[in-house]
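K.L.:
Below is a structure I'd like to ask you about.
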Amino acid sequence: MEKLTIALLGGGVVGSEVARALLTQSDTLAARVGARLELSGVLVRDASRPRDGIPQELLGTDPEAVVAGADIVVELMGGIEPARTRILTALSSGASVVTANKALLAQHFPELITAADDAGVRIEYEAAVAGAIPIVRPLSVSLAGDRIQRVMGIVNGTTNYILDQMSKEGWDFDTALATAQELGFAEADPTADIEGHDAAAKAAIIASLAFQVPVSLDDVHVEGITGVSADMIRTAADQGFTIKLLAICERVTGPDGGESVSARVYPALVQDDHPLASVSGAFNAVFVEADSAGSLMFYGQGAGGAPTSSAVLGDIVSVARRKVLGGRGQMPQQVRESGSILPIARVTTRYQLTLEVFDRPGVLLRVAEVVATEGVSIELVQQTRLEDAAADGTPRAKLVIATHSALESSLAATVDSLAALEVVESVKSVLRIEGA
Ligand code: NAP
0 MEKLTIALLG
10 GGVVGSEVAR
20 ALLTQSDTLA
30 ARVGARLELS
40 GVLVRDASRP
50 RDGIPQELLG
60 TDPEAVVAGA
70 DIVVELMGGI
80 EPARTRILTA
90 LSSGASVVTA
100 NKALLAQHFP
110 ELITAADDAG
120 VRIEYEAAVA
130 GAIPIVRPLS
140 VSLAGDRIQR
150 VMGIVNGTTN
160 YILDQMSKEG
170 WDFDTALATA
180 QELGFAEADP
190 TADIEGHDAA
200 AKAAIIASLA
210 FQVPVSLDDV
220 HVEGITGVSA
230 DMIRTAADQG
240 FTIKLLAICE
250 RVTGPDGGES
260 VSARVYPALV
270 QDDHPLASVS
280 GAFNAVFVEA
290 DSAGSLMFYG
300 QGAGGAPTSS
310 AVLGDIVSVA
320 RRKVLGGRGQ
330 MPQQVRESGS
340 ILPIARVTTR
350 YQLTLEVFDR
360 PGVLLRVAEV
370 VATEGVSIEL
380 VQQTRLEDAA
390 ADGTPRAKLV
400 IATHSALESS
410 LAATVDSLAA
420 LEVVESVKSV
430 LRIEGA
């Protein structure tokens, strides 16, 4: 039987799972591929540290020696450099590449795809978006004959766990984060997760794939979940909503018929009966809307060594099969050279505003006038008397306003005008309503 050699760059959480699977499931994999997959080496920083189930002689710290002669290079080291250079070198030497590196793909997607196409080889990256969930292949292959309109994903398990705990236990953000860290759902430095950067990297990849337009991390509008309070979650629940950190990638057709792409990440209100609302704990889910297929939902584990290794091994089998069959076996992966990215100010969506107001006669009228002046139309208002009166004894009330679809820029102007009203004590929150 033909033999294909595999070099692993990285033997950490994901890499060590992949290495063990290659070593222990070699007969099964050989039967699937039609060739034996031989692990030739694992690049690590510290080769003296034993790794469970990986023979010490396979570990190495010299990248050239580890990848020499490899048919497939699997990059699981993470970060931008030296991962980018190692991948480009592997591609130009004729090796196909499998990577799970969302941060790298979000910044260098066109460069990497072009390098693979120029070399006549493949780069596969199923594990880079939502771990074990097959989403890259459905977007790029299964739905290639359809027209995708929108993809909305819960693509960061840490933030979903935190928001879910806040909702179920009534905790504030800090308590939920500390618990997530204790249980290993959040890293010691949680910045990339809670500020939305990890989800934004995945949004950039999803948008590039779904709309064949190069979308980089800088094109994605990002807001994290640090501003979400227990009170916002309670108010959302009272109105029949759940707050989720969503990565939203959307095809937008302008009044002139021109198309652009919006990619954005923020905490949003999702109606309780929407499939994404029931995604709990650290799970991920991606909701796709396409012209012919309609709505599709992909759900599963978005991280972890074993789940992520499932996606990596699927890619390894896929590129190995193509090598056995001969050539790249598929059309080039190239995306268009450029596309129009919609700035956040031009995005249209629905909103929920929560205000604390002085409960004087005419307050609703004043608020409604200001909202109308900015061209935003109100769908629903709910007023609730607050227990505490103002210092001068004026009663206070909470106003929850849901709007019809409005431009982000109009909404921002509305919020500024509302905040300046003498009857408005404070604007407690502004949240987008998505998926309705
Ligand atoms: P990890 O546990 O930190 O492992 C990284 C590995 O790469 C380690 O073995 C490390 O060596 C090695 N490495 C890093 N920099 C190196 C360098 N300059 N030279 C040589 N070796 C180097 O990372 P991971 O969690 O497995 O993640 C790997 C990739 O998968 C990342 O791109 C990540 O975003 C992606 N991913 C991870 C998950 C997940 O759940 N963990 C999910 C989806 C995608 P040492 O062991 O000697 O330190």
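Note that numbering that gives the first Met the number 0 has the sequence shown beginning at 0, numbered continuously upward. Ideal Cβ placement from N, Cα and C applies to all residues, glycine included.
Look at the Cβ atom of GLU56, then the Cβ atom of THR4, and state whether they are nearer than 7 Å.
P.N.:
no
K.L.:
Mapping the DSSP letters down to three states, classify LEU216 as helix, strand or coil.
P.N.:
helix
K.L.:
Curious, which full-length alpha helix (DSSP H) runs of at least 4 residues does the segment 143-190 contain?
P.N.:
With a minimum length of 4 residues, the continuous alpha helix (DSSP H) runs that stay inside the segment 143-190 are 156-168 and 172-181.
K.L.:
Residues bridged to SER294 by DSSP?
P.N.:
GLU288
K.L.:
Among GLU258, THR347 and ASP255, which has the Cα closest to the Cα of LEU430?
P.N.:
THR347
K.L.:
Any heavy atom of ligand 1 within a distance shorter than 6 Å of the CB on ASN155?
P.N.:
no
K.L.:
List in chain order: all unbroken alpha helix (DSSP H) runs of 4+ residues lying wholly within the segment 228-312.
P.N.:
Counting whole runs of 4 or more residues, the segment 228-312 contains the alpha helix (DSSP H) stretches 229-237.
K.L.:
Classify ALA405 as helix, strand or coil using the three-state DSSP reduction.
P.N.:
strand
K.L.:
Where does ASP197 land, buried or exposed, given buried means 16+ other C-beta within 10 angstroms?
P.N.:
buried
K.L.:
Would you mind sorting MET231 into buried or exposed? The rule is 16 or more other CB atoms within 10 Å of its CB.
P.N.:
Around the beta carbon of MET231, 16 or more other beta carbons sit within 10 angstroms, so the residue counts as buried.
K.L.:
Does any heavy atom of ligand 1 sit closer than 6 Å to the C-beta of ARG44?
P.N.:
yes
K.L.:
Output needed for GLU373: all residues of its chain with C-beta closer than 6 Å, excluding positions within five of it in sequence on either side, in chain order.
P.N.:
Answer for GLU373: SER409, ALA412 and THR413, listed in chain order.
K.L.:
Is any heavy atom of ligand 1 found at a distance shorter than 6 Å from the C-beta of LEU75?
P.N.:
yes
K.L.:
Can you say whether THR60 is buried or exposed, counting buried as having 16 or more other CB atoms within 10 angstroms of its CB?
P.N.:
exposed
K.L.:
For LEU398, name the three-state secondary structure that DSSP assigns.
P.N.:
strand
K.L.:
In this structure, what does DSSP give as the bridge partners for THR60?
P.N.:
According to the DSSP secondary-structure assignment, THR60 is paired through a beta bridge with no residue.
K.L.:
Pair every Cβ in the segment 184-201 with every Cβ in the segment 84-96, then say whether three or more of these pairs are closer than 8 Å.
P.N.:
Output reads no: the segment 84-96 does not touch the segment 184-201.
K.L.:
Measuring alpha carbon to alpha carbon, tell me which of ILE147, SER317, ALA67 and VAL97 ends up nearest GLU74.
P.N.:
VAL97
K.L.:
For the alpha helix (DSSP H) that contains ILE377, what are its first and last residues?
P.N.:
From DSSP, ILE377 is part of no alpha helix (DSSP H) but of the beta strand (DSSP E) over 377-384.
K.L.:
Spell out the partners DSSP gives PHE357 in its beta bridges.
P.N.:
When beta bridges are read from the DSSP output, PHE357 appears opposite ARG395.
K.L.:
Give the single residue among VAL318, ALA267 and GLN270 whose Cα lies nearest to the Cα of VAL72.
P.N.:
Minimum Cα distance to VAL72 is reached at VAL318.
K.L.:
Considering only the beta carbon of each residue, do GLU433 and ALA200 sit closer than 7 Å?
P.N.:
no
K.L.:
Mapping the DSSP letters down to three states, classify ILE224 as helix, strand or coil.
P.N.:
coil
K.L.:
Is GLY303 near ligand 1, in the sense that its beta carbon is under 6 Å from a heavy atom of that ligand?
P.N.:
yes
K.L.:
With a 10 Å radius around its C-beta and 16 neighbouring C-beta atoms as the bar for buried, classify ILE153 as buried or exposed.
P.N.:
buried
K.L.:
Determine the burial state of LYS446: buried for a count of at least 16 other Cβ atoms within 10 Å of its Cβ, exposed for fewer.
P.N.:
A question about residue 446 goes unanswered here, because the residues of the chain that appear run from 0 up to 435.
K.L.:
Indicate whether LYS243 and LEU275 have their beta-carbon atoms separated by less than 7 Å.
P.N.:
yes
K.L.:
If you drop the 5 nearest sequence neighbours on each side, which residues of the same chain put their C-beta closer than 7 Å to that of VAL375?
P.N.:
Residues of the same chain with a CB within less than 7 Å of the CB of VAL375, apart from the 5 flanking positions on each side, are THR402, ALA405, SER409, LEU410 and THR413 in chain order.
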